[in-house]
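Offset between the sequence shown (1-based) and the working numbering: plus 608.
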Amino acid sequence: MARYLAIPLVALAIGAAAGFALLSYGSFLTPVSLIDAILTAAVIAMLLIVAGGYAVFARYWQLASRMQQGLGGFEADIARRLANLETALDEISLVHQGREHGLAASLSENVAELRALADEESEEAGFQEKGRQGQGDNVIRFDPGGRNREPADTAGVSPGHGMAEEELPIGTRKLRLPQAKLADALEKGLVEAWFQPVVTLPGRKTRMLEAVAHVSNLQQVSNGQGSARSVSADQPTSVQLQGYGSHAGEIDHLMLTSAVRLARKLDREDRGCTILWRMAVNTIRDPAAFDACMVTLKNSSPGPRLIKPLIEWRNFRNLDAAGLDHMHGLAEAGYRLAVSNCPSPQRMREVLDSGLFDMVMVDAELLTSESEAWREALTMPIAGRTGRGRNAASMAEHEIIATNVDTEIQVMALIDNDILLAQGDLFSAPKRLRDDRPSAAKA
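Put into structure tokens, the structure is as follows:
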């Protein structure tokens, strides 16, 4: 209460003092009555009250204006933050809806694919009983996800892809042939390149193809004494080769030739697709075999754009100085390499620090169990220089491919961890690709 009465009381005191001063001073000049002195003091006091009140009002008005401006800025900032939060929530909702839609589509596609495979297995079993394996009548579109294909639509070639495929016979597995039988298969021309796709998730569209060595018509491979090799009822007629031994250079060159031929054909049809070409350690160490592969690479029209050499981590670790020179020679020719079967994120980082690789293929079991460690190791910036002096800090971003994917649970875990490239029998086993056009020459 005192602060509200301070201004008028002070003004009255000043007015009384001024009136007393005027009364004292005026008594020497002119006669002044007491009433005149009181009136003069009152006028002065009123003027002081008005002036003081205006000053206080102006001061509080200024403070109120500043406070209102501050509140306006604060409200604008809050509104902006709320808008950003709503936008982020909408984006998160859209991402979750997209993932749920993709997973639902993937599951429905897998059910359709399983039904189609069941029909194909029954047909294939009938072919085996009649001795008609490998005739290529059961031709379907090369579509790992089973999109746009009914289970009964297996006759003819879809216009979406010019390459047709032949399904693996039931019971196909990897096999390590003795060197004599492998040499016999090479001599008879039974070793050929099959291709297994690398698909994108969740749409399961073919992104790359990996060339793998298969030996067909296994019953024609001799047992070393010239007699034909008998095949039991559960023995597949075509197997994927595992380990080439002394024939690695010849088989790798055969795979490279087939990969270049396929890449050139797809490129001519404006459907370019990267082909992964796996190199054995014996091929890299053998100067003659490696030079033959380099000649084929230099004479191939797709070149580094569509051909990507692939080496296993354990083979790269065991390379000698000459082998490392060959790898750097590939890099100097413009090829960026892929490495597979890295056992741990730390080992993968050691390989990436060489500056030769921009793609890593890791087993899906390892990726889903330690996804954070793999992703951190993959996205960690690379500093320094490679052995040939190239600046490794300017490398392109690395890609990671999950291999050996065989369950839908693994697919969901990969999508949740933003690993969107995968390979495995769940999507498609290796296929024999051939040209279905009548005018085309057989490979």
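Even glycine gets a Cβ: it sits at the ideal position worked out from N, Cα and C.
| Asked | Found |
| --- | --- |
| How far does the alpha helix (DSSP H) with Trp1013 in it extend, from its first residue to its last? | Note that residue 1013 corresponds to Val in the displayed sequence, not to Trp. From DSSP, Val1013 is part of no alpha helix (DSSP H); its letter is neither H nor E. |
| Give a yes or no on contact between the region 686–705 and the region 656–664, applying the rule of three or more CB pairs nearer than 8 Å. | no |
| Look at the alpha carbon of Gly942 and the alpha carbon of Leu785, and state the distance between them as a whole number of angstroms. | 35 Å |
| Where do the ends of the alpha helix (DSSP H) carrying Gln954 lie? | 953–960 |
| Which value, in whole angstroms, describes the spacing of the CA atoms of Glu758 and Met935? | Per-residue confidence for Glu758 stands at a pLDDT of 39, beneath the threshold of 50, marking its modelled position as unreliable; the derived number appears in the next sentence. If I take the Cα positions, the gap works out to 45 Å. |
| Return the CA-CA distance between Arg893 and Leu927, expressed in angstroms with no decimal places. | 8 Å |
| Does the distance from the CB of Leu884 to the CB of Glu818 come in under 8 Å? | yes |
| Among the candidates Lys782, Arg872, Ala788, whose CA atom is the shortest distance from the CA of Asn580? | What is shown of the chain runs 609 to 1051, which leaves residue 580 out entirely. |
| Of all the beta strand (DSSP E) runs that stay within the bounds of the region 837–921, which reach a length of 3 or more residues? | 847–849, 882–886, 915–920 |
| By the three-class DSSP mapping on this structure, what secondary structure does Phe1035 have? | coil |
| Could you spell out the range, first to last residue, of the alpha helix (DSSP H) harbouring Leu790? | 787–795 |
| Alpha carbon to alpha carbon, what distance is there between Met956 and Asp971? | 13 Å |
| Could you tell me the distance, in whole angstroms, from the CA atom of Glu1016 to the CA atom of Asn1025? | 14 Å |
| Note down the Cα distance separating Val651 from Asp644, rounded to an integer number of angstroms. | 11 Å |
| Quick one: is Lys1039 buried, meaning 16 or more other Cβ sit within 10 Å of its Cβ, or exposed? | buried |
| So, using beta-carbon positions, are Ala867 and Leu849 closer together than 8 Å? | no |
| Just to confirm, is the Cβ distance from Ala1030 to Val807 under 8 Å? | yes |
| Tell me which residues share the same chain as Leu874 and place their Cβ nearer than 7 Å to its Cβ, disregarding the 5 neighbours each side in the sequence. | Gly880, Cys881 |
| Could you tell me which uninterrupted alpha helix (DSSP H) segments, each at least 4 residues in length, are contained entirely in the region 928–955, listed from first to last along the chain? | 929–940 |
| Which whole-angstrom value is the C-beta distance of Ile1008 and Val968, which I expect to be below 8 Å? | 5 Å |
| Taking the continuous beta strand (DSSP E) assigned at Leu817, which residues delimit it? | 814–823 |
| To the nearest angstrom, report how far apart Leu776 and Ala1037 are at their CA atoms. | Note that Leu776 scores a pLDDT of 39, beneath 50, so its modelled location is shaky and nothing firm can be said. |
| Give the straight-line distance between the Cα atoms of Gln1018 and Ile919, rounded to the nearest whole angstrom. | 24 Å |
| If Ser854 sits next to Val823, beta carbons under 8 Å apart, how far is it from one beta carbon to the other, in whole angstroms? | About 16 Å separates the two Cβ atoms, so there is no contact after all. |
| Can you tell which of Ala1010, Ser948, Leu870 has its C-alpha closest to the C-alpha of Arg886? | Ser948 |
| To the nearest whole angstrom, what separates the beta carbons of Arg944 and Lys916, a pair I think is in contact under 8 Å? | 7 Å |
| Determine the contact status of Ala649 and Ala626, defining contact as a CB-CB distance below 8 Å. | yes |
| Tell me the DSSP secondary structure of Asp966 in three-state form. | strand |
| From which residue to which residue does the alpha helix (DSSP H) around Glu800 run? | Careful: Glu800 lies outside any alpha helix (DSSP H), inside the beta strand (DSSP E) at 799–808. |
| Checking 8 Å against the spacing of the C-beta atoms, do Thr904 and Leu864 come in under that value? | yes |
| Does Asp1026 come out as helix, strand or coil in the three-state DSSP assignment? | coil |
| Rounding to the nearest angstrom, what Cα-Cα distance links Thr695 and Ala684 in this structure? | 16 Å |
| Where does Arg674 fall in DSSP's three states? | helix |
| Closest by CA to Trp1053, which one among Met902, Arg913, Asp933, Gln954? | Past the edges of the chain, shown from 609 to 1051, lies residue 1053, and the structure says nothing about it. |
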